[in-house]
Amino acid sequence: MGSVLLETAPLQANLSIEPTDDVSLSADERYELITRRLQEVLNGDLIKAILAEGKHPKGYWGTAPTGRPHIGYFVPLTKISDFLRAGIEMTVLVADIHAFLDNMKAPLELVSHRTKYYEFLIRAILESLGIPTDKLRFVTGSSYQLSKEYNLDNYRLCASVSEHDAKKAGAEVVKQVESPLLSGLLYPGLQALDEQYLGCDFQFGGIDQRKIFTFAELYLPRLGYAKRAHLMNKMVPGLSGGKMSASDPNSKIDLLDPPEIVKKKIKSAFCEEGNVEDNGVLAFVGAVLMPISSLRKERIETATTAGTSTDDLAKPFTTESAPPSATFSIHRDEKWGGDLHYSTFEEIETDFKEKKLHPGDLKIAVTQAINSLLAPIRKKFDESEEWKAIEKLAYPPPVSETQKKKKKEKVYHPPPPGKGKNQAAGNHSELEAPKQEKPSSSS
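Start counting the sequence shown at 1; every next residue gets the next number (the UniProt record's numbering).
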């Protein structure tokens, strides 16, 4: 079934440097590129079979436009670069219907505005990463999820899925409340149907999507549709430990946060010396900064081999003193031993665990790297009046407590006759009335 594609302006930033389909890669090398740095792959043989035939697998990644996107979005969008290089035809689904169904995280009147906001932001992130888009398409869920065919399939699915399975599938994704709404039970089924209606061979998402993915593998074949593969990346811990969430401002950095706010948030983030568990600062280095730095190195090497200029290419997160093998550097004063250089995240993690790398030095390096990533996104936002207008509509300022508790104007309602002062006045009149004399009897 065809879907309505969103019109996308061609991205700039030297997108032709990294080929969308590297013809020099074998089928095994493509599969390695597709699955590297992932936490789990389900039914990977389905992808291998397509690659072995010399075909291009199709994948999709979806996001529901609810809260404001945070730096955790760099994780899936950086991975999309690997997919495109391996020849994957990728679809980005902005799931507006899902956003509304998820316990009204995005009220219906805000969904359309937030959908547009997400489109602006995702494109800006891709551009900042220099990701090519000739095999990347954007689709809004409502462009096909309101069709007769899709809804009929949804009813067929509802007729075969138990309440237990639907609730279990959405437990890690759908907002859990004391009195859950029926809409939350529909969410997993719709996400499963998206695989069929987007025509994909695999769906990509966070490890928190696993139960929805296995739900799709179980129920799509019951409708006569093919089972898909599922690829999952690690979840980045929040700055305060635990899951990074758009609904918790203390756990995340907004993609439009100014440099001073980024610095403040990183400075106060949980990053205990020697502790590598639930360390959001350290985890972000491994999940985002190292992959992006490696990607930048690969582009520079490709351009150098091709004999083209590297002047306009973004540099890896290394200092001038870094050896060619380094992917990430920590700047330190000479009196503290000078710069530290790392080729792998495991080296960074080991040094941090053994207390050779101090949290303060790590935070400074991470702050500088994050601000360099966000700078082109903030610039894009500042230059777009349309984007700024959409932001105000998508995320209006919260109603202040003062406004909520605004005193109601007192309206005087006079008491009815015989009540209150009127009653007293009536009694007073009775007291003042002259007494009538009894008529005298005749003798």
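Cβ coordinates follow ideal geometry from the N, Cα and C atoms, glycine included.
Item, Value
"Y219 to Y187 span [Cα, whole Å]", "14 Å"
"Proximity to E53 [Cα-Cα], best of W61, G62, H70 and R30", "R30"
"Contained alpha helix (DSSP H) runs [length at least 4] in the region 318-395, N- to C-terminal order", "345-353, 359-383 and 385-394"
"Three CB pairs or more closer than 8 Å across the region 114-130 and the region 172-192", "no"
"Given L185 as reference, the closest of G170, V41, R137 and D194 once Cα atoms are compared", "G170"
"Whole runs of the beta strand (DSSP E) within the region 138-207, excluding any shorter than 3 residues", "202-206"
"T367 and I292 closer than 7 Å at C-beta", "no"
"Cβ separation of L157 and L223, assumed to be a contact under 8 Å, to the nearest whole Å", "6 Å"
"Candidates G67, P324 and D339: closest to I330 by CA position", "D339"
"DSSP state of G274 mapped onto helix, strand, coil", "coil"
"Backbone CA spacing between A287 and E320 [nearest angstrom]", "23 Å"
"Simplified DSSP state of H56, which is helix, strand or coil", "coil"
"Under the three-state DSSP convention, the category residue 444 falls into", "Since the first residue shown for the chain is 1 and the last is 443, residue 444 is missing from the structure and cannot be characterised."
"Which listed residue (L393, D311 and R296) has its alpha carbon closest to that of residue 450", "Look at the range of the chain in this structure, 1 to 443, and you will see that residue 450 is not part of it."
"T318 and A306 closer than 7 Å at C-beta", "no"
"Beta-carbon separation (whole angstroms), E273 vs H341, contact threshold 8 Å", "21 Å between Cβ atoms; not a contact."
"Three CB pairs or more closer than 8 Å across the region 105-112 and the region 74-81", "no"
"Span of the beta strand (DSSP E), counted from its first residue to its last, around M232", "A229 to N233"
"Beta-carbon proximity list for K263, same chain, < 7 Å, skipping 5 on both sides", "T367"
"Under 7 Å between C-beta atoms of L256 and F352", "no"
"Alpha-carbon to alpha-carbon, K379 and L362", "26 Å"
"Proximity of G72 and V276 at Cβ, strictly below 7 Å", "no"
"Status (buried if at least 16 other CB within 10 Å, exposed otherwise) for I97", "buried"
"Three-state secondary structure (DSSP) of V236", "coil"
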